[in-house]
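Novice: Dumping the structure here so I can ask a few things about it.
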Amino acid sequence: MFKAYTQSTHLHIPHATSTPTQPAPANLIYGVSAATRHDNPGHPECAARIPSITDALASFNLTARQDIQQLQRGRVATVEEVLAIHDPVILKGVEIMSDRPDGDVGTIEQGTTFFTNTSYDDALRAIGVVLDLVDGVCDPLNVLGQVESPVAFGICRPPGHHAVVSQSMGFCLFNTAAVAARYAQQKHGMKKVMIIDFDVHAGIIAGVV
Ligand SMILES: [Zn+2]
Numbered sequence: 239m240f241k242a243y244t245q246s247t248h249l250h251i252p253h254a255t256s257t258p259t260q261p262a263p264a265n266l267i268y269g270v271s272a273a274t275r276h277d278n279p280g281h282p283e284c285a286a287r288i289p290s291i292t293d294a295l296a297s298f299n300l301t302a303r304q305d306i307q308q309l310q311r312g313r314v315a316t317v318e319e320v321l322a323i324h325d326p327v328i329l330k331g332v333e334i335m336s337d338r339p340d341g342d343v344g345t346i347e348q349g350t351t352f353f354t355n356t357s358y359d360d361a362l363r364a365i366g367v368v369l370d371l372v373d374g375v376c377d378p379l380n381v382l383g384q385v386e387s388p389v390a391f392g393i394c395r396p397p398g399h400h401a402v403v404s405q406s407m408g409f410c411l412f413n414t415a416a417v418a419a420r421y422a423q424q425k426h427g428m429k430k431v432m433i434i435d436f437d438v439h440a441g442i443i444a445g446v447v
């Protein structure tokens with residue numbers, strides 16, 4: 239009996255080691271919204287920004303790591319989600335500014351904020367990517383199949399931190415950061431969300447909503 243037991247155990251070991259191992263949990267998730275047609279070549283906030291970021295991440299072998307995962311759910315933010323922060327007038331304004339011929343670029347604020355005929359859709363798509371990331375952080379079990387909350391990194395444009403309640407500004411059509419914070423509260427029950435905002439010209443601004 240002892241011998242049979244030993245043999246059984248011995249046979250079991252190679253079987254166990256050949257079982258596929260669970261993938262490592264994601265420590266960092268990221269989402270990409272390139273908005274290739276929301277472009278104004280030569281402008282600091284041009285479409286070349288996103289490939290330059292993703293190329294740099296790939297060249298440092300950061301995107302091939304198992305604990306870093308790209309989230310690709312392709313969600314587009316709804317008007318209701320944007321209106322949780324913004325006044326309807328800004329939605330109408332962005333829609334009007336985006337109603338232009340293909341290849342035409344319109345600007346406001348001495349040209350700092352520009353619009354093409356894809357800008358409205360691209361802005362909602364950029365917010366959608368960030369809301370997906372919020373889901374991944376706040377509900378990792380359903381989104382990622384893991385218990386641990388990862389850190390999330392949105393590589394998104396048009397950018398979204400300068401726009402105020404009723405006005406696009408500073409390259410930003412909507413305020414993605416504020417919409418995401420409100421979404422975390424309304425969808426995931428977060429009580430307070432801290433936004434730490436650092437920018438090349440604005441220092442660090444921290445706000446709690
Ligand atoms: Zn800025």
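If you want this note's numbering, it's the 1-based position in the sequence shown plus 238.
Glycine included, each C-beta is placed from N, C-alpha and C at the ideal position.
Measure from the alpha carbon of Asn-265 to the alpha carbon of each residue in Glu-347, Ala-401, Thr-414, Ala-390, then state which is nearest.
Specialist: Ala-390
Novice: Take Thr-274 and list the residues in its own chain whose beta-carbon comes closer than 6 Å to its own, dropping the five residues that flank it on each side.
Specialist: Ala-285
Novice: Alpha carbon to alpha carbon, what distance is there between Glu-319 and Ala-272?
Specialist: 21 Å
Novice: Within the segment 333-364, note down every full alpha helix (DSSP H) run reaching 4 residues or more, in order along the chain.
Specialist: Taking only runs of at least 4 residues, no alpha helix (DSSP H) segment lies wholly in the segment 333-364.
Novice: Threshold first: 3 residues or longer. Then list the beta strand (DSSP E) segments lying entirely within the segment 353-429, N to C.
Specialist: 389-394
Novice: When you compare only the Cα positions, how much space is there between Ser-357 and Arg-395?
Specialist: 10 Å
Novice: Under a three-way DSSP split, which group does Gly-331 fall into?
Specialist: helix
Novice: Report back the beta-carbon spacing between Phe-412 and Ile-365 to the nearest angstrom; my notes put them in contact at under 8 Å.
Specialist: That pair is a contact at about 6 Å.
Novice: Examine ligand 1 and report whether any of its heavy atoms sits within less than 7 Å of the Cβ of His-281.
Specialist: no
Novice: Can you give me the Cβ contacts of Ala-336 inside the same chain, cut-off strictly under 8 Å, excluding the 5 residues immediately before and after it?
Specialist: One point to set straight first is that residue 336 is Ser, not Ala, in the sequence displayed. Excluding positions up to five away in sequence, the list reads Phe-353, Thr-354, Asn-355, Thr-356, Ser-357, Tyr-358, Asp-359.
Novice: Val-190 and Ala-419 look like a contact to me (Cβ under 8 Å); what is the Cβ gap, rounded to whole Å?
Specialist: Lying outside 239 to 447, the shown extent of the chain, residue 190 is not represented and no answer is given.
Novice: Tell me the rounded alpha-carbon separation between Asp-325 and Pro-261.
Specialist: 44 Å
Novice: If I'm right that Leu-362 touches Ala-315 with Cβ under 8 Å, what's the distance once you round it to whole angstroms?
Specialist: Right, the Cβ-Cβ distance comes to about 5 Å (below 8 Å), so this counts as a contact.
Novice: Work out the CA separation of Val-403 and Gly-269 for me, nearest whole Å.
Specialist: 25 Å
Novice: Taking the C-alpha atoms as reference points, what is the distance between Thr-255 and Pro-397?
Specialist: Model confidence at Thr-255 stands at a pLDDT of 48, short of 50, so the residue's coordinates are unreliable; what they give is reported in the following sentence. If I take the Cα positions, the gap works out to 47 Å.
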